[in-house]
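See structure below.
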Amino acid sequence: MYFVISLLQQIIQIYSWALIIYILMSWFPNARETSIGRFLARICEPYLEPFRKIIPSIGMIDISPIVAFLVLNFAQRGLYSVYHMLG
């Protein structure tokens, strides 16, 4: 069970980094049109889309990724708590 929780925590950590890179790519022209940008879009957009539907943009600023990061952080902390409850 520890292995599964540890693996899930690592997956969340890697996914968080993928989101950070994907969001930073929006600051550079044509960066999301590269093969890496398209790959990150395929794995990040399905997660970000529900947050974008709930949280409107403030002008040109999209704050939904902040909420998406908070949800990932809560999930990771929850797994951390479960890990320590079992140990």
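Quick note on numbering: my numbering labels position 22 of the sequence shown as 43, and the sequence is numbered without any gaps.
Built from N, CA and C at the ideal position, the CB exists for glycine as well.
Contact check for C65 against L40 passes: the beta carbons are separated by less than 8 Å.
In the same chain as L107, and ignoring 5 residues on each side of it, the C-beta atoms closer than 8 Å to its own belong to M22, Y23, I26, in chain order.
Using a C-beta cut-off of 8 Å, the segment 68 to 77 makes contact with the segment 85 to 97, since at least three inter-stretch Cβ pairs fall below that distance.
The DSSP-derived three-state label of I84 is coil. A distance below 6 Å between beta-carbons, with the five flanking residues on each side excluded, links T55 to no residue of its chain.
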